[in-house]
Amino acid sequence: MAEFDKLFESLIPILDSLEEKRIELRSKGSRLGLISGSILTIIIFIVFLYIQVPPLVLFLIPIALGILTYILCINSMTKEYSFYYKKDIISKVVKEISDASEYKPENGISENEFEAMCLFNSPDRYSCEDLIVGKIEKTDFACSEVVAEERHVSVDSKGRRNEYWTDIFRGFIFIADFHKNFNGITTLGRDSLFKISFGNKRVKLENVEFEKHFDVYSSDAVEARYILSPSLMEKLVEVDNRFKGNLVMSFVNSSIYIAIPDSKNHFEASIWKKITKEEIQEEFGLILSLISIINELNLNTRIWSKQ
3 MAEFDKLFES LIPILDSLEE KRIELRSKGS RLGLISGSIL TIIIFIVFLY IQVPPLVLFL
63 IPIALGILTY ILCINSMTKE YSFYYKKDII SKVVKEISDA SEYKPENGIS ENEFEAMCLF
123 NSPDRYSCED LIVGKIEKTD FACSEVVAEE RHVSVDSKGR RNEYWTDIFR GFIFIADFHK
183 NFNGITTLGR DSLFKISFGN KRVKLENVEF EKHFDVYSSD AVEARYILSP SLMEKLVEVD
243 NRFKGNLVMS FVNSSIYIAI PDSKNHFEAS IWKKITKEEI QEEFGLILSL ISIINELNLN
303 TRIWSKQ
């Protein structure tokens, strides 16, 4: 990928500087870990000695907790190191791919926007980051990483309540202007054996391949068929295949919403190792894939005009 190779060459001086920062932060975390770990080890050793625990416990537990504290202190530097990585590297990758786009690592798709998609239950806990926002020719877009979770409480045989969390969604939310004010809400879920409508009616379409990928539900079947033209259905299948066949999406108000599941936390740097060319190339490919959705779906072609 010549385009990436040229970008990477320009990033080498920044990466060298970033590596110096990583070593500095890791050394800082190491010093803090040695001091904190040693103090904790001594305190626990004295306590265990006083309460007369078995010899194996007397030595093993304090040392293990001291080592754990040491590791945690180094890991605590990761957030600061990732800040520099996002600011100095990822922001430049975004600009290289789309000069009219901006990367805002501490921002993201809001919870209100997430709920407006009409694809998922309302989350009990929500977080977002790594917002990329901009305009490709005529089309405004925004995307970010999102984690939406549901809270559960179980009660064991002794009546004790245990709280745990499960993912409603984890990955990227992509929003783009579709340049049409929709009268209804149309959603594209995954094709499944059991057809559940969630209040909307199932809309059958003639594209057999598209029907293998998605179940379409809409509050306005006529509008859904109007939106999902033969050309758009073909393009949606292509985009779905490129993202490993996991997409769900909706057409709400005047926007297309696309949810792209991804369990990895992207755009983060490890304090333990040097950033590699392969890692940056992977993020380059991901950002390019996200932004390319606009052209792949031909969203800059204004078939309709907003009312």
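Just so you know, this note's numbering puts 172 at position 170 of the sequence shown, and the rest follows in order with no gaps. C-beta atoms are modelled at their ideal positions from N, C-alpha and C, and glycine is treated no differently. Values in this document were obtained by computation on a predicted structure and should not be read as measured data.
Measuring only the C-alpha atoms, how far is THR189 from PHE253? Taking the first residue of the sequence shown as 1, we reach residue 189 at position 187. Taking the first residue of the sequence shown as 1, we reach residue 253 at position 251. So the alpha carbons of these two residues sit roughly 6 Å apart.
Cα-Cα separation between ASN243 and LYS30, rounded to whole angstroms: Numbered from 1 along the sequence shown, position 241 holds the residue referred to as residue 243. Numbered from 1 along the sequence shown, position 28 holds the residue referred to as residue 30. So the two alpha carbons sit approximately 45 Å from each other.
Going by CA-CA distance only, name the one from GLY136, VAL96, PRO125 and GLU147 that's closest to ASN109. Looking up residue 109 in the sequence shown gives position 107. For the residues GLY136, VAL96, PRO125 and GLU147, the minimum Cα distance to ASN109 belongs to GLU147.
For VAL205, count neighbouring Cβ atoms within 10 angstroms of its own Cβ and tell me buried if that reaches 16, exposed if not. If you number the sequence shown from 1, residue 205 lands on position 203. Burial state of VAL205 is buried, judged by a 10 Å Cβ sphere holding 16 or more other Cβ atoms.
Return the chain-ordered list of same chain residues with a C-beta closer than 8 Å to the C-beta of LYS197, the five sequence neighbours on each side being excluded. Taking the first residue of the sequence shown as position 1, residue 197 is located at position 195. Legend: pLDDT at LYS197 = 45, less than 50; position of this residue unreliable, value from coordinates given subsequently. ARG204 and ASP217.
As assigned by DSSP and simplified to three states, the class of HIS154: Within the sequence shown, numbered from 1, the residue matching residue 154 stands at position 152. DSSP places HIS154 in strand when its eight states are reduced to three.
Return helix, strand or coil for LYS266, following the three-state DSSP convention. In the sequence shown, counting from the first residue as 1, residue 266 sits at position 264. Coil at LYS266, not helix or strand.
Starting from the C-beta of ASN267, find all residues in its chain whose C-beta is less than 8 Å away, skip the five residues before and the five after it, and write them out in chain order. Start at 1 with the first residue of the sequence shown, and residue 267 comes out as number 265. Taken in chain order, the residues that qualify are GLU147.
From this set, ARG162, VAL149, THR141 and ILE187, which residue's C-alpha is nearest ALA178's C-alpha? Position 176 of the sequence shown holds residue 178. Checking every option, the nearest Cα to that of ALA178 belongs to THR141.
Sorted by chain position, which residues of the same chain lie with C-beta nearer than 8 Å to GLU225's C-beta, five sequence neighbours on each side aside? Walking along the sequence shown from the start, residue 225 turns up at place 223. Take GLU225, set aside five residues on each side of it, and the residues of its chain with a beta-carbon closer than 8 Å to its own are PHE184, ASN185, GLY186 and THR188, in chain order.
Please report the straight-line C-alpha distance between ILE53 and THR43, rounded to a whole angstrom. The residue labelled residue 53 in the question sits at position 51 within the sequence shown. The residue labelled residue 43 in the question sits at position 41 within the sequence shown. Whole-angstrom Cα-Cα distance: 15 Å.
Run through DSSP, which three-state label would PHE196 get? Sequence index remark: in the sequence shown, residue 196 carries index 194 (1-based). With a pLDDT of 41 at PHE196, under the threshold of 50, the modelled position of that residue is not reliable, and no figure is offered here.
Spatially closest choice to PRO107 from ASP101, LYS182, ILE91 and SER100, by CA coordinates: As a first step, residue 107 must be located in the sequence shown, where it is residue number 105. For PRO107, the nearest C-alpha among the options comes from ILE91.
If I measure Cβ to Cβ from LEU195 and keep anything under 7 Å in the same chain, skipping five residues before and after, which residues do I get? As a first step, residue 195 must be located in the sequence shown, where it is residue number 193. Residue placement at LEU195 is flagged as unreliable, the pLDDT there being 42, under the threshold of 50; a coordinate-derived value is accordingly withheld.
Go through its chain and collect everything with a Cβ distance to ARG227's Cβ below 8 Å, but skip five positions before and after it. Working through the sequence shown from its first residue, we reach residue 227 at position 225. Residues VAL205 and LEU207 of the same chain have their beta carbon placed closer than 8 Å to that of ARG227, with the five preceding and five following residues left out of the count.
Could you work out which residue in VAL55, ALA261, SER257 and THR71 is closest to GLY316 when comparing CA atoms only? Missing from the structure shown is residue 316; the chain here goes from 3 to 309 and no further.
Pull the bridge partners of SER291 from the DSSP assignment, please. For the purposes of this step, residue 291 is taken as the residue at position 289 of the sequence shown. None; SER291 has no bridge partner.
Label PHE286 either buried or exposed according to how many other C-beta atoms from any shown protein chain fall within 10 Å of its C-beta, with 16 as the threshold for buried. Sequence index remark: in the sequence shown, residue 286 carries index 284 (1-based). Flag for PHE286 reads buried.
Tell me whether ASN77 sits in a helix, a strand or coil according to DSSP, three-state version. In the sequence shown, the residue the question calls residue 77 occupies position 75. Reduced to three states, the DSSP call for ASN77 is helix.
Using only the alpha-carbon positions, how far apart do MET251 and LYS97 sit? Stepping through the sequence shown from its first residue, residue 251 is reached at position 249. Stepping through the sequence shown from its first residue, residue 97 is reached at position 95. Distance between MET251 and LYS97, taken at the CA atoms: about 27 Å.
Is PHE269 closer than 7 Å to VAL239 when the C-beta atoms are compared? Start at 1 with the first residue of the sequence shown, and residue 239 comes out as number 237. Start at 1 with the first residue of the sequence shown, and residue 269 comes out as number 267. Against a cut-off of 7 Å, the Cβ pair of PHE269 and VAL239 comes out as no contact.
Considering LYS106, what are the terminal residues of the beta strand (DSSP E) in which it resides? Position 104 of the sequence shown, counted from the start, is the residue given in the question as residue 106. Here the beta strand (DSSP E) through LYS106 covers 103-106.
Buried or exposed (CB count within 10 angstroms, at least 16 for buried), ILE134: In the sequence shown, the residue the question calls residue 134 occupies position 132. Its Cβ being crowded by 16 or more others within 10 Å, ILE134 is buried.
If you draw a straight line from the C-alpha of GLU22 to the C-alpha of ALA118, how long is it? In the sequence shown, the residue the question calls residue 22 occupies position 20. In the sequence shown, the residue the question calls residue 118 occupies position 116. Cα to Cα, GLU22 sits roughly 44 Å from ALA118.
On the three-state DSSP scale, how would you describe THR188? Mapped onto the sequence shown, residue 188 falls at position 186. Strand at THR188.
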